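Comments concern the structure below.
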Amino acid sequence: MNNLRLLTGLFVSVLLSGGVCAYCQSVITLEEVFESAEANSAQLRPYFTAGEEARREIDVAKSARMPDINASLSLSYIGDGFTVKRNFSDYQKAPIPHLGNGLTVSVSQPVYTGGAITAGIELAEFKSTAARFATDLQRNNIRFQLTGFYLDLYKCTNQRKVMDSNLAQARKVLDEMNARYEQGTVLRNDITRYELLVSNLELQIIKIDNTLDILNRNIVLIAGLPEETVIIPDTTILDRSLLVQTESLWLEEARDNAPAISLARSEVDINRTAQKLAESERLPKIGLQASWNIDGPILVEVPPINRNLSYWYVGVGVSYNISSLYKSDKTIARSRTATRKAIEQLDAVRENIDLGIHADYVRYLEAYEELKTQQKSVELAQRNYNTVFTRYMEDMALITDMLDAANAQLDAEQRLVNSRIDIIYYYYKLLFTAGKI
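Following this note's numbering, the numbering of the sequence shown begins with 574 at its first residue and continues without gaps.
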């Protein structure tokens, strides 16, 4: 389902509910959350714009290959002159035509720039590539952040159900205890202690509801969903067939796909190209030149000639910045140091990715083992609760035993829910570290 279908579905749900509703509840998959974030996330928009800016920089760099064409037109008022001897005697007025005009058209075509233009284009292209990888990295960060919120939302939703179930069970036991109290077989103190358990469960439900509200708000805002949306997690996410592969394959994919590595590699290319650009300052610049001029009046003659003088030329221009012989060494040395630093940063990023993949893979396998343990714990906790409840009804167990059994069952059921979600979380953590989320 694309983002348009997602928003359309939310809009239709509003209409079907009578046109006005405080909240729009909808089952939204994690992939739909990703699609909405791709289209609407305010945190991604600056990266998209930066990518577009970098692509336009390539066009700007390529335009350096085009000829430079300049034209200038001038109109001026020229005052009369005078002549004097070298000792400033014998003053004589020299009338000059007062209207002066000039028109110049010049063309310069770069032929050889020491590789500066080519390096400038390569630099712009590498920066565009780096901008794309920076966008991918930010996209992955947002997706993983949304994954954490979404799975926490799912976890809290299931905890809410567990709490509701335990609260209903506790209230049922409390009703039975009140009935037995009327018969004189239960102490009032026992009822009070169980009422405290019910009260604590109700408080836990309030806290879970508040957490659900915070998590829902986080997802809605970051993904750019309508503000009134209430997300119902997709319950089929736990039934998905997860990719099973070895740690070495995850490492290989991370080294090929991780945006952090790609971005660091681009920084190496950028610095190497910047080094080429610095080295090009030592080389001469050669270009073709052509110009046409027309000026008047002709002031080099005495008296001035009230006519326009037109002339043109074509030729080859060679320029060399002599100061680069003693100035460029420092710039080149700085560029080489920046390149070395970029290479070292690339090695550091690769090392961090390798460490991250190993840790995530170990936790991923550990989550499966924890699930097996928690499934057995829930089975034992339920069996223990049923046994204690039966013994308590036969006056063979204390209220403290009931409280302990109820708390143990609640804790085991919550841990089971968490362990199921943890498997999905660490799988997506592996995808995130490998750059495939």
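Where is the CB? At the ideal position from N, CA and C, for every residue including glycine. Small disclaimer: the values here were computed from a predicted structure and weren't measured.
According to DSSP, residues forming a beta bridge with Trp885: Looking at the DSSP assignment, Trp885 forms a beta bridge with Trp865.
CA-to-CA distance, Ala703 to Lys903, given in whole angstroms: If you take the alpha carbons of Lys903 and Ala703, they lie about 26 Å apart.
8 Å contact criterion, which Ile792 and Val606 should meet: CB distance rounded: About 6 Å; that satisfies the 8 Å criterion.
Residue nearest to His671 in terms of C-alpha spacing, selected from Ser901, Gly654 and Arg629: Among Ser901, Gly654 and Arg629, the Cα nearest to that of His671 is on Gly654.
Ile690 Cβ short of 7 Å to the ligand NAP heavy atom set: Of ligands this structure carries none, so the ligand NAP is not represented either.
Sheet register partners of Ile601 (DSSP bridge): In the DSSP output, where bridge partners are listed per residue, Ile601 has Pro806.
Proximity winner among Glu986, Asp927, Tyr884 and Leu726, relative to Thr602 (alpha-carbon distances): Nearest C-alpha to Thr602: Leu726.
Residue-chain proximity (Asp902, chain B), Cβ-Cβ < 8 Å: Although the question refers to chain B, the structure presented lacks it and comprises just one protein chain.
Neighbourhood of Ser679 by C-beta, 6 Å cutoff - its chain only, sequence neighbours within 5 removed: The answer, listed in chain order, is Asn643 and Ser864.
Residues near Ala851 in its chain [Cβ-Cβ closer than 7 Å; skip 5 each side]: Answer for Ala851: Ser901, Thr904, Ile905 and Ser908, listed in chain order.
Distance between Leu696 and Lys858 (C-alpha atoms, nearest Å): If I take the Cα positions, the gap works out to 19 Å.
Proximity to Glu854 [Cα-Cα], best of Ile878, Ile996 and Ser897: Per the C-alpha coordinates, the member of Ile878, Ile996 and Ser897 positioned closest to Glu854 is Ser897.
Buried or exposed (CB count within 10 angstroms, at least 16 for buried), Arg993: Arg993 is buried by the Cβ-count criterion.
Lys949 versus Arg956 - alpha carbon distance: It is roughly 11 Å from the alpha-carbon of Lys949 to the alpha-carbon of Arg956.
Where Asp968 falls, given that 16 or more other Cβ within 10 Å makes a residue buried: The residue in question, Asp968, is exposed, as its Cβ has fewer than 16 Cβ neighbours within 10 Å.
Alpha helix (DSSP H) segment containing Ala1005, residue limits: The amino acid occupying residue 1005 in the given sequence is Phe; Ala does not appear at that position. Where Phe1005 is concerned, the enclosing alpha helix (DSSP H) starts and stops at Ile972 to Ala1007.
Whole-angstrom distance between Ala954 and Ser614, CA atom to CA atom: Ser614 and Ala954: Cα-Cα distance of roughly 44 Å.
Distance CB(Leu861)-CB(Gln682) smaller than 8 Å: Result yes, Cβ atoms of Leu861 and Gln682 sit closer than 8 Å.
Helix, strand or coil at Asn844 [DSSP, three-state]: The answer is helix: DSSP assigns Asn844 an H, G or I state.
Beta-carbon proximity of Asn881 to Ile867, cut-off 8 Å: Asn881 places its beta carbon less than 8 Å from that of Ile867.
Close Cβ partners of Thr960 (< 6 Å) along its chain, the five nearest in sequence each way excluded: Cβ within range, chain order: n/a, list empty.
Reference His931, options Tyr754, Glu749, Gln756 and Thr1006, closest by Cα: Cα-wise, what sits closest to His931 is Thr1006.
Contact the region 984 to 999 vs the region 771 to 781: 3+ CB pairs below 8 Å: Pairwise C-beta distances place the region 984 to 999 out of contact with the region 771 to 781, as fewer than three of them are shorter than 8 Å.
Per-residue burial, Thr802 [other beta carbons within 10 Å of its own, 16 or more giving buried]: Around the C-beta of Thr802, 16 or more other C-beta atoms lie within 10 Å, and the residue is accordingly described as buried.
Counted within 10 angstroms of its Cβ, other Cβ atoms place Glu698 as buried (16 or more) or exposed: Classification of Glu698: buried, given that the 10 Å Cβ count is 16 or more.
CA-to-CA distance, Tyr650 to Pro668, given in whole angstroms: One C-alpha to the other measures close to 13 Å.
Beta-carbon gap between Arg638 and Ile690 smaller than 8 Å: In this structure, Ile690 lies closer than 8 Å to Arg638 by Cβ.
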